[in-house]
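Residue numbers (full-length UniProt numbering), protein chains in the order written: chain A, 1 to 101; chain B, 1 to 682.
Here is the structure we will look at.
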């Protein structure tokens with residue numbers, strides 16, 4: 001979708017939808033929000049709705065950073081300790097590699 | 001070009017980008033998938049490979065493992081133990097694939113290779129023509145944790161403190177190797193052409209390399225792999241990773257038992273006679289166990305045959321039950337299961353019904369100097385003192401449960417006489433099975449070897465002893481004689497060629513393909529139904545049925561459903577439709593129905609039924625699964641050449657992208673001359 005051709009209030013409502021949607025454990029929506037609306041929020045000349053869009057983009061960015069930190073930490077811990085945890089790790093695993101502990 | 005090459009021309013016109021006038025021609029060439037001759041020109045597949053696989057028990061994993069995409073190594077033929085220096089430290093082209101002659105396949109060399117395994121891709125052992133002087137990859141103390149002696153019962157006899165049963169054992173079968181070990185036929189041509197070390201200098205690339213694939217799925221121990229078997233419900237790729245070892249025990253009795261009446265029988269006292277069926281080797285599925293197990297169970301089969309006639313004429317007081325246990329090499333799988341069934345009322349008799357047990361162990365050397373004219377027993381039975389523990393035997397599992405009088409008949413007082421216990425070399429040569437030269441297979445089948453005569457003597461003694469133990473009539477004892485022709489035919493069938501006319505006569509016509517050579521006695525993974533039991537087990541079942549049962553006049557349909565007839569009962573007997581012999585005078589005897597009180601009982605360790613995968617009391621052996629096992633040889637180039645080729649390729653890619661970019665930006669300059677007339681007309 002080309003944002004150039006949308007009126008400003010529709011841009012705002014789209015940004016809001018993505019921002020609210022990301023709270024349903026969907027950090028990729030926040031990623032899309034940040035990447036897509038970055039030019040609109042920070043690089044375009046000012047217009048009325050831009051302030052709202054800016055706050056949404058900033059908050060989406062924060063949420064995204066939080067998710068990235070949590071997921072990276074968990075993935076690192078799990079990959080490192082999966083072999084040691086034994087039974088618990090096997091029940092947590094979605095697919096268990098063959099032939100290695 | 002020899003291969004079928006269907007070349008497809010694809011014209012791709014890219015329309016709405018600056019590359020306006022440029023057409024892409026993509027030339028794709030599909031070769032015939034089946035011939036794939038490029039791969040055939042590179043790789044030489046090695047046939048008849050025998051791998052070493054991974055086995056797991058409650059605490060350990062043993063055996064060998066390769067990486068999932070195979071292990072590749074430059075072939076190096078080992079000349080001597082000192083030559084190990086080249087692949088382990090000095091050689092400049094690691095990783096190496098070591099090719100061992102069989103006399104170099106020793107514990108010290110394998111342990112050295114195991115320590116430096118970062119430079120070793122794998123080991124292949126060349127199949128020899130002659131046996132070494134001694135070799136036993138088993139441990140020195142077989143089944144030490146699951147016998148009757150433990151730290152609480154006879155601790156001075158446990159763990160081979162008094163007698164080391166297998167002193168020649170080097171324990172290689174129970175070591176864990178993280179590289180593949182294969183057994184192959186000799187093929188050193190590629191090595192001599194490319195890899196020879198000349199005057200201490202390294203050989204030049206390209207070098208001959210071998211790649212071994214034997215990726216095992218299971219890991220750590222039995223509890224882990226059985227748990228991962230069960231977790232398949234939640235994962236996207238349901239894969240079984242291991243299977244318990246096991247098979248079926250064969251048992252038969254003089255007087256039949258109603259198989260629907262299980263548990264204790266009042267006033268029933270049974271003399272049991274037992275032998276083991278299976279054996280193992282370091283490599284998967286190539287074990288023979290000539291002295292270790294065949295000598296024992298062939299003797300028992302002959303004794304059962306000898307008792308058939310006399311027990312019908314003058315039945316003894318007690319019943320006699322013959323039991324052939326499978327899986328004894330792996331912590332007594334068969335006998336522990338039978339004892340468990342007896343204790344829990346799942347077998348036709350109870351442990352209280354067992355009067356005594358006679359087990360036939362390794363009996364090859366009981367008759368050392370056989371004289372063909374002798375009629376009486378040519379050996380004397382000696383009982384060692386009470387300070388001597390029992391050798392590893394199924395009797396130990398019975399004694400673990402209950403005090404039962406028992407005897408183990410063996411040809412060794414202390415350590416085994418068998419120099420090749422549980423190894424690939426325990427074959428016909430180890431039993432001194434010799435035939436005169438220039439004999440056809442049929443003649444060899446009938447020939448009475450010395451070994452057969454010796455074992456016949458033992459079988460006669462065993463049969464007489466069993467008869468007397470069961471309270472038989474003393475005057476009939478001298479009529480009991482084992483048949484040496486049966487013994488020699490059995491030895492030929494089990495050790496030389498299973499697909500012979502006598503064996504074929506004993507089995508149903510549809511199971512003829514079951515007799516494959518060479519015969520193999522590894523217990524293998526457990527199956528759920530008796531129809532899928534191992535060929536060896538079924539062969540022993542049919543042998544016992546033919547040797548102890550009676551031929552009937554039933555037709556094939558009646559043989560399938562004998563309950564329709566008034567005198568026959570499937571509960572008491574089993575009815576088997578067998579091929580029948582074709583006697584030499586040409587009259588076809590044809591197939592007939594054998595009625596025998598011979599049954600198969602499951603030999604799966606109780607640990608798997610109880611779910612105690614870390615059990616210390618029962619066998620917990622499992623075998624890992626794998627996808628495919630193969631080996632191939634090819635020439636390999638140096639790493640520098642590979643990197644150079646890759647670099648050149650990447651450079652060509654980038655330069656072609658660059659050229660394309662420049663052409664596209666200057667397109668109007670390069671291609672303008674043809675356009676002007678058209679634009680002028682516009």
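The beta carbon of each residue, even a glycine, is placed where N, CA and C say it ideally should be.
Excluding sequence positions up to five away, which residues of its chain have a Cβ less than 8 angstroms from the Cβ of residue i?
i: residue 48 (chain B); result: 184 and 185
Give a yes or no on whether the C-beta atoms belonging to residue i and residue j are separated by under 7 angstroms.
i: residue 101 (chain A); j: residue 83 (chain A); result: yes
i: residue 88 (chain B); j: residue 125 (chain B); result: no
i: residue 276 (chain B); j: residue 239 (chain B); result: no
i: residue 517 (chain B); j: residue 497 (chain B); result: yes
i: residue 511 (chain B); j: residue 499 (chain B); result: no
i: residue 97 (chain B); j: residue 75 (chain B); result: yes
i: residue 408 (chain B); j: residue 270 (chain B); result: no
i: residue 603 (chain B); j: residue 249 (chain B); result: yes
i: residue 136 (chain B); j: residue 168 (chain B); result: yes
i: residue 335 (chain B); j: residue 361 (chain B); result: no
i: residue 255 (chain B); j: residue 161 (chain B); result: no
i: residue 487 (chain B); j: residue 456 (chain B); result: yes
i: residue 91 (chain B); j: residue 180 (chain B); result: no
i: residue 170 (chain B); j: residue 290 (chain B); result: no
i: residue 356 (chain B); j: residue 391 (chain B); result: no
i: residue 50 (chain B); j: residue 245 (chain B); result: no
i: residue 323 (chain B); j: residue 274 (chain B); result: yes
i: residue 530 (chain B); j: residue 579 (chain B); result: no
i: residue 414 (chain B); j: residue 163 (chain B); result: yes
Going by DSSP, name the residue or residues bridged to residue i.
i: residue 577 (chain B); result: B:593
i: residue 176 (chain B); result: B:63
i: residue 182 (chain B); result: B:51 and B:124
i: residue 40 (chain A); result: Answer is none; residue 40 (chain A) lacks a bridge partner.
i: residue 244 (chain B); result: B:622
i: residue 632 (chain B); result: B:45 and B:211
i: residue 74 (chain B); result: B:96 and B:209
i: residue 319 (chain B); result: B:270
i: residue 359 (chain B); result: B:274 and B:408
i: residue 252 (chain B); result: B:322 and B:598
i: residue 604 (chain B); result: B:246
i: residue 56 (chain B); result: B:61 and B:622
i: residue 552 (chain B); result: B:593
i: residue 110 (chain B); result: Residue 110 (chain B) pairs with nothing; no bridge assigned.
Our contact map puts residue i next to residue j with C-beta atoms below 8 angstroms; I'd like the distance itself, whole angstroms only.
i: residue 572 (chain B); j: residue 597 (chain B); result: 7 angstroms
i: residue 57 (chain B); j: residue 221 (chain B); result: 7 angstroms
i: residue 11 (chain A); j: residue 53 (chain A); result: 7 angstroms
i: residue 196 (chain B); j: residue 206 (chain B); result: The pair is not a contact, with the Cβ atoms about 14 angstroms apart (cut-off 8 angstroms).
i: residue 570 (chain B); j: residue 563 (chain B); result: 6 angstroms
i: residue 176 (chain B); j: residue 62 (chain B); result: 5 angstroms
i: residue 217 (chain B); j: residue 626 (chain B); result: 6 angstroms
i: residue 547 (chain B); j: residue 301 (chain B); result: 6 angstroms
Determine, using beta carbons only, whether residue i comes closer than 7 angstroms to chain B.
i: residue 154 (chain A); result: No answer is possible for residue 154 (chain A): the residues shown for chain A start at 1 and end at 101.
i: residue 7 (chain A); result: no
i: residue 101 (chain A); result: yes
i: residue 81 (chain A); result: no
Would you verify that the beta carbon of residue i is, or is not, closer than 7 angstroms to some beta carbon of chain A?
i: residue 220 (chain B); result: yes
i: residue 226 (chain B); result: no
i: residue 215 (chain B); result: yes
i: residue 525 (chain B); result: no
i: residue 231 (chain B); result: yes
Below 7 angstroms CB to CB, which residues in the same chain sit around residue i once its five sequence neighbours on both sides are set aside?
i: residue 551 (chain B); result: 592 and 594
i: residue 463 (chain B); result: 303, 306, 307, 480 and 482
Considering only residues of the same chain and omitting the five flanking positions on each side of residue i, which have a CB-CB separation below 6 angstroms?
i: residue 211 (chain B); result: 70, 72 and 632
i: residue 103 (chain B); result: 132
i: residue 472 (chain B); result: 316
i: residue 568 (chain B); result: 562
i: residue 556 (chain B); result: 577
i: residue 545 (chain B); result: 576, 594, 596 and 598
Taking 6 angstroms as the line, does the beta carbon of residue i fall inside it for any heavy atom of the ligand GDP?
i: residue 454 (chain B); result: No copy of the ligand GDP occurs in the structure displayed, which carries no ligand at all.
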